[in-house]
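All remarks here apply to the structure that follows.
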Amino acid sequence: MQSLKKSIEKHKLAAQSIPLGVNSNFRYWGPEDTRYISHGKGTYIWDVDENRYIDYRLGYGPVILGHADDRVDEAVYAAMKNGQTFAMSIPLEQQAAQKIVAMCPGVEKVRFANSGTEATMHALRLARAYAGREKFIMFEGQYHGMHDNVMFATTVGEGDSYKSSRRDPVSFAVSSGIPSQLKDLAILLPFNDVEILERVVKSSGHEIAAILVEPLLGNAGGINPSAEWLPSIRKICDEHGIVMIMDEVKTGFRIAKGGAQELYGVQGDLATYAKSMGNGYPVAAFGGKSEIMDLIGQGVAHGGTFAGNSVGMAAANATLDILMNTDALKSIEKQGKKLQDAITEVLQPSGLPLSFSGHPSMFMFWFSEKAPTEYREWMEMDHEIYITLSYEMVKRGVMPEPDSREPFFLCASLSDEDIAETASVMQDSLKIALNK
Ligand code: PMP
């Protein structure tokens, strides 16, 4: 039986000086279950009570190679010794930029930031400046970070009573403190619905600066784009002078070396990156067409005390080197398929319907004949069994995110033995989930 004694103590203490005792609301699992982690190595993390977990959250995606990867850490140590932040440029910035430009189709120029939030905020400002318009379109179920512009959702809640029409979704701010004026600038539409998107752009395209899309809907379990979805957005943007922003914060340097833009063969005008580019170190980027990026310095602001700092840049250079020059991503994909097969083997005998969505390196399975194709379908699913199943797995040393909007993330350290252990833990946990 797992003891969480020390985690509970640490949490109590932390809650005296940190709201909820955590530094991201998503990490709060209640007073008895909020884990404190002592360290990670490879695919494993250990909590302060020395419970070991096979980690399928991986910080919600960043840890692409494995926790505490020696190659990345050595590069960071070397850079650290020379100082971190100079309010001047360092050569590592150019080197990392060159790698991103080489790897990511459509990215001709790039600027650095420290988080996905910053990257999407800057990309959106740049798009607005380029288009000379203020509104933008995003899609239900997407997440772009913690800046006010993007913190809206539609009134799709539990049950029918909160549901606004798919044809004309009504949005609300997902936090107090967000200026109500911003709501009119963010238009939320259903993912994968070309007809509705075309209709809205036809009537108000002249006001729309950007279409901000998660190419693979990684904040709703990894919903796949239909074959026509991204090419249609590309075409609509071209026809209406709208900037297409691919939010590749989750997909970038994960689902292919050049992210979704490579995998799906559709290029945005701008793209945002963060998670996998630094193997867990805080570093982010936004980039795209020179014609748009070059507005920075011609009246469009971008900066940040820590932008291009040596730790982030060393981590990015080392991680991108490995991703670019080895078959790490191919082997993650292979392990992902094996894990999916193992999950199928465990779950199929239960007689429950089963489907998968996403990419083998970031996927979700669904107790449903058909994977969701948009967020509203996710809302309508029964998540009870999945939630119980995943909490039971966590208790037994395998850590998926119990909220099925966060996919299973895989790293290059996941071995066949880890997959076998995952399957065995899932088997035991399933019995409990089905008997509840
Ligand atoms: N965009 C996407 C697609 C994301 O998934 C996230 C984070 N989950 C962000 C932006 C924000 O990134 P960060 O948490 O680094 O600010």
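Take the sequence shown: its letters are residues 826 to 1261, numbered as in my numbering. Don't be surprised by glycine CBs; every beta carbon is placed ideally from N, CA and C.
The ligand PMP heavy atom lying under 8 Å from the CB of residue i
i, result
"D1228", "no"
"T1097", "yes"
"G1112", "no"
"D1072", "yes"
"S940", "yes"
"G1105", "no"
"T1264", "Lying before the first or after the last residue shown, residue 1264 is absent from the chain, which here runs from 826 to 1261."
"E965", "no"
"G886", "yes"
"N974", "no"
"M971", "yes"
"Y968", "yes"
Contacts around residue i, its chain only, beta-carbon distance under 7 Å, and the 5 residues preceding and following it disregarded
i, result
"V888", "N1104, G1105, C1236"
"G1083", "M928, C929, P930"
"R992", "I1021"
"T1169", "L1179"
"Y1093", "Contrary to the premise, residue 1093 reads as Gly rather than Tyr in this sequence. Taken in chain order, the residues that qualify are G931, M1069, I1070, M1071, Q1086, G1113."
"P1107", "N939, S940, G1137"
Pick from the options that is closest to residue i, judged by C-alpha positions
i, options, result
"D874", "G884, D858, G886", "D858"
"G1129", "A912, Q827, R991, W854", "A912"
"G886", "N907, P916, G1046, D872", "G1046"
"G1112", "I1257, G941, E965, Y902", "G941"
"A1099", "G1030, G884, E1087", "G884"
"D1009", "G855, D880, I833, K960", "K960"
"H947", "V1125, D1207, A1034", "V1125"
"F851", "K837, R882, R936, K866", "R882"
"K1074", "C1062, E1064, G1043", "Note that residue 1074 is Val in the sequence shown here, rather than Lys. Cα-wise, what sits closest to V1074 is G1043."
"K1155", "S1135, H1184, F997", "H1184"
"Q1252", "G846, Y1211, N939, K924", "Y1211"
"L838", "H1208, P856, F1233, K906", "P856"
"L1120", "M826, K934, L845", "K934"
"A944", "I962, V847, V975", "V975"
"Y1200", "V897, A904, G966, Q841", "G966"
"D1228", "M1189, L1255, P1197", "M1189"
"Q1160", "R896, P1004, I1080, V847", "I1080"
One or two residues paired with residue i in a DSSP bridge
i, result
"Y1216", "DSSP output for Y1216 lists no bridge partner at all."
"Y869", "K866, I879"
"T1097", "D1072, F1111"
"M963", "L1013"
"L1037", "I1070"
"L1042", "I1048"
"A938", "A1109"
"S1182", "M1189"
"A978", "F997"
Contact set for residue i: own chain, Cβ-Cβ below 6 Å, skip 5 residues either direction
i, result
"D1243", "T868, I879"
"K1195", "S1180"
"V1026", "I1061, H1065"
"V1171", "A1248, M1251, Q1252"
Residue environment, residue i, which counts as buried when at least 16 other CB atoms sit within 10 Å
i, result
"L1259", "exposed"
"H836", "buried"
"Y902", "exposed"
"A1052", "exposed"
"A978", "buried"
"G1133", "buried"
"M905", "exposed"
"M826", "exposed"
"H1031", "exposed"
"I1117", "buried"
Neighbourhood of residue i by C-beta, 8 Å cutoff - its chain only, sequence neighbours within 5 removed
i, result
"T980", "Y987, K988, S989, P994, V995, S996, F997"
"M1149", "K924, A927, M928, K1082"
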